[in-house]
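I have placed the structure first, in the form of structure tokens, so that the comments after it can refer back to it.
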Amino acid sequence: MGAVAAAILAGCLTAYYALPVYGHGGGRWFPLRVGLFALGLILTGCLLARQVVFARHVSAAWVRAQWLFAGICVTVVLFAAAYYALAVGASAQISGIRTKTDALYFAVTVLTTVGFGDIHATGQAARVVVTVQMGFDVLFVATAASALRASSSARRAARAS
Numbered sequence: 001m002g003a004v005a006a007a008i009l010a011g012c013l014t015a016y017y018a019l020p021v022y023g024h025g026g027g028r029w030f031p032l033r034v035g036l037f038a039l040g041l042i043l044t045g046c047l048l049a050r051q052v053v054f055a056r057h058v059s060a061a062w063v064r065a066q067w068l069f070a071g072i073c074v075t076v077v078l079f080a081a082a083y084y085a086l087a088v089g090a091s092a093q094i095s096g097i098r099t100k101t102d103a104l105y106f107a108v109t110v111l112t113t114v115g116f117g118d119i120h121a122t123g124q125a126a127r128v129v130v131t132v133q134m135g136f137d138v139l140f141v142a143t144a145a146s147a148l149r150a151s152s153s154a155r156r157a158a159r160a161s
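Residue numbers (the UniProt record's numbering): 1 to 161.
Put into structure tokens, the structure is as follows:
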């Protein structure tokens, strides 16, 4: 792993573990939390969409890969925070999440579509967030990864001819 990728990972994980995450049901702060989550999704989607455009103009594959890695790190941390808030605020929403590490693990298993079954959504709000992550991962992460691969293949073909 390169120095930039390591710094991105360290920054995302430090922010995730250092920042407080509250999940006390609905309440008056609920609209703000939902709005911040939506804003985070929009910004992360923009980051990954930028990666698709960026991949066409940058010749160094490692630079494109670092942008993709940054987008994936932010995506995982954003959803992990949402899962943790759902688990600590409404314990019936997600079975098995007791710590931030549990939530991070669950976000990665959803991203990679592994699904071990030890942690799973039980409430409607959690199922909505998991479904949003699945759609987000397919729409943005998979698209950015395939654009990175296509760009690399096109550059190799251009050099070969």
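Using N, Cα and C, we set each Cβ at its ideal position, and we do this for glycine too.
For residue i, is the classification buried or exposed, using 16 other Cβ atoms within 10 angstroms of its Cβ as the cut-off for buried?
i, result
"Phe-116", "exposed"
"Gln-124", "exposed"
"Ala-142", "exposed"
Could you check the C-alpha separation between residue i and residue j for me, to the nearest Å?
i, j, result
"Ala-6", "Arg-33", "29 Å"
"Gly-71", "Ala-65", "10 Å"
"Phe-37", "Val-129", "10 Å"
"Gly-35", "Ala-3", "33 Å"
"Arg-127", "Lys-100", "18 Å"
"Gln-133", "Pro-20", "21 Å"
"Trp-62", "Ala-107", "25 Å"
"Cys-73", "Val-53", "19 Å"
Which residue comes first and which comes last in the alpha helix (DSSP H) that contains residue i?
i, result
"Ala-19", "Here residue 19 is Leu; the residue named in the question, Ala, does not match the sequence. First-last for Leu-19: undefined, no H or E at that position."
"Thr-122", "Careful: Thr-122 lies outside any alpha helix (DSSP H) and carries neither H nor E."
"Arg-64", "61-89"
"Val-108", "100-111"
Compare the C-alpha of residue i against each of the options and name the closest.
i, options, result
"Leu-13", "Val-76, Trp-67, His-57 and Leu-39", "Val-76"
"Tyr-22", "Val-108, Ala-10, Leu-9 and Ala-85", "Ala-85"
"Phe-79", "Gly-40, Ala-10, Pro-20 and Val-53", "Gly-40"
"Leu-104", "Tyr-16, Gly-11, Ser-95 and Met-134", "Tyr-16"
"Gly-96", "Ala-18, Val-74, Ser-146 and Ile-119", "Ile-119"
"Gln-93", "Thr-122, Leu-68 and Ala-82", "Thr-122"
Between the region 82-91 and the region 42-50, can you find at least three pairs of beta-carbon atoms closer than 8 Å?
no
Counting pairs of beta carbons, one from the region 108-122 and one from the region 36-46, are three or more of them closer than 8 Å?
no
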